[in-house]
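Residue numbers (the working numbering): 1 to 355. Note that CB positions come from ideal geometry on N, CA and C, so glycine has one too. Only a predicted model underlies this, so the values are computations on that prediction, with no experimental measurement involved.
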């Protein structure tokens, strides 16, 4: 029996849609939304019907009848109290999203859109490997402030997807591997994976600076800035995420531009690029003791993994730890679809939120 799975990945100004038949991609569409259309909505969650119409249009464009679908999966948003893997979209999850208990973000539309499409068809809606997946043991959650607990926030979906791919290459089960994975995009996060779970991670605001992120900054500097009267909360947030890192230094987060500067002899650009690689290497090294140094391999993924220059800078510092595997880019649509395919085939269970 074959399965047709529709994947939906909503971003702030786009909705990505893909159809897979088993593990084969039938089509992928990137739907860009005009800013003036998005701005008509006071709340992100009010965009469900608006975006669902575009999803239906994409299906019609590719001559796909909704009745052919076996399941619909949406990107997992910032929903609290999540484990790894797939979840059925149920009323409790929808209530949490609509009540505002899930941090506001376009990714929260994933579950709502999946249910909007799947509900009338009488098929299941899912989300898979949500951003807020938290599999930390207690020891990894401890901080020096009793009222602050560390939670995992990293590129869970792509990290686990590339880990599964590398496990096949090694002839092993993903659940039997011990890995360090660095996802290097506009933000950089790093995780330690053991027995199929992310048991510790460094988020994109807690480790290396990145093309668009400031990374970890000594806390007293941040406190002084916050109370200086020079910046609003919104401005400080932007300096940390969106306007930090390479963007703050060069006015661009495009690493191709930085590499062109380096090729033209710009020593400052070279220093900053090397410093970013240096900090990624430090983050990878920081997680090595979590696995007691027993690391099957280190995986480098995300957009920066296309850069030979950056990889060379990084390999020089981490090669002694474990073999290095490169899985450049990311394919969240495939990861969503293959996750639900495993559920439909009975290879793994789906959880129910709140149960």
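Item: Between the Cα of residue 205 and those of 231, 234 and 154, spot the shortest distance and give me the residue it belongs to.; Value: 154
Item: According to the Cβ coordinates, are residue 238 and residue 246 closer than 8 Å?; Value: no
Item: For residue 216, which residues from the same chain have a beta carbon less than 7 Å from its beta carbon, with the 5 sequence-adjacent residues on both sides left out?; Value: 206 and 207
Item: First and last residue of the beta strand (DSSP E) that includes residue 212?; Value: No beta strand (DSSP E) holds residue 212; DSSP gives it neither H nor E.
Item: Please report the Cβ distance between residue 121 and residue 67, rounded to the nearest whole angstrom; I am assuming they are in contact, meaning their Cβ atoms lie under 8 Å.; Value: 7 Å
Item: For residue 200, count neighbouring Cβ atoms within 10 angstroms of its own Cβ and tell me buried if that reaches 16, exposed if not.; Value: buried
Item: Touching or not, the stretch 121–135 and the stretch 85–105, by the rule of three or more beta carbon pairs under 8 Å?; Value: yes
Item: Assuming residue 123 and residue 69 are in contact, meaning their beta carbons sit under 8 Å apart, how far apart are those beta carbons, in whole angstroms?; Value: 6 Å
Item: Can you give me the C-alpha to C-alpha distance between residue 248 and residue 272, rounded to a whole angstrom?; Value: 11 Å
Item: Please classify residue 361: is it buried, with 16 or more other beta-carbons within 10 angstroms of its beta-carbon, or exposed?; Value: The structure shown does not extend to residue 361, since the chain spans only 1 to 355, so no value can be given for it.
Item: Spatial neighbours of residue 94 within its chain, please: C-beta separation below 8 Å, excluding the five flanking residues on both sides.; Value: 111, 112 and 115
Item: Is the Cβ-Cβ distance between residue 210 and residue 242 less than 8 Å?; Value: no
Item: So residue 18 and residue 27 are supposed to be a Cβ contact under 8 Å. How far apart are they, rounded?; Value: 7 Å
Item: At which residue ranges does the stretch 228–282 contain complete alpha helix (DSSP H) runs of 4 or more residues, listed in the order of the chain?; Value: 233–240, 245–250 and 255–263
Item: Express the C-alpha separation of residue 212 and residue 174 in angstroms, rounding to a whole number.; Value: 31 Å
Item: In the structure shown, what three-state DSSP assignment does residue 20 receive?; Value: strand
Item: Should residue 132 go down as buried or exposed, given a rule of 16 or more other Cβ atoms within 10 Å for buried?; Value: buried
Item: State the CB to CB distance for the pair residue 299 and residue 168, rounded to an integer number of angstroms; the pair is presumed to be in contact (CB under 8 Å).; Value: Wrong, their Cβ atoms sit about 13 Å apart, outside the cutoff.
Item: Return the CA-CA distance between residue 355 and residue 92, expressed in angstroms with no decimal places.; Value: 10 Å
Item: Examine the ligand FMN and report whether any of its heavy atoms sits within less than 7 Å of the Cβ of residue 179.; Value: The ligand FMN is not part of the structure shown, which contains no ligands of any sort.
Item: Would you mind sorting residue 20 into buried or exposed? The rule is 16 or more other CB atoms within 10 Å of its CB.; Value: buried
Item: With H, G and I counted as helix, E and B as strand and the rest as coil, what does DSSP make of residue 33?; Value: coil
Item: Give me the residue from 197, 171, 235 and 161 with the minimum Cα distance to residue 178.; Value: 197
Item: Say whether the stretch 322–330 touches the stretch 294–310, bearing in mind that this needs 3 or more beta-carbon pairs closer than 8 Å, one atom from each stretch.; Value: yes
Item: Apart from the five residues just before and just after residue 45, which ones in its own chain have a Cβ nearer than 8 Å to its Cβ?; Value: 97, 98, 108, 109 and 112
Item: Helix, strand or coil for residue 197? Go by DSSP, reduced to three states.; Value: strand
Item: Do you know offhand how far residue 61's Cα is from residue 276's?; Value: 43 Å
Item: Would you report the Cα separation of residue 134 and residue 156, rounded to the nearest angstrom?; Value: 10 Å
Item: According to DSSP, residue 183 sits in a beta bridge with which residue or residues?; Value: 189 and 301
Item: Can you tell me which of 240, 262, 235 and 232 puts its alpha carbon nearest to the alpha carbon of residue 219?; Value: 240
Item: Measure the Cβ-Cβ separation of residue 77 and residue 105 and say whether it is below 8 Å.; Value: yes
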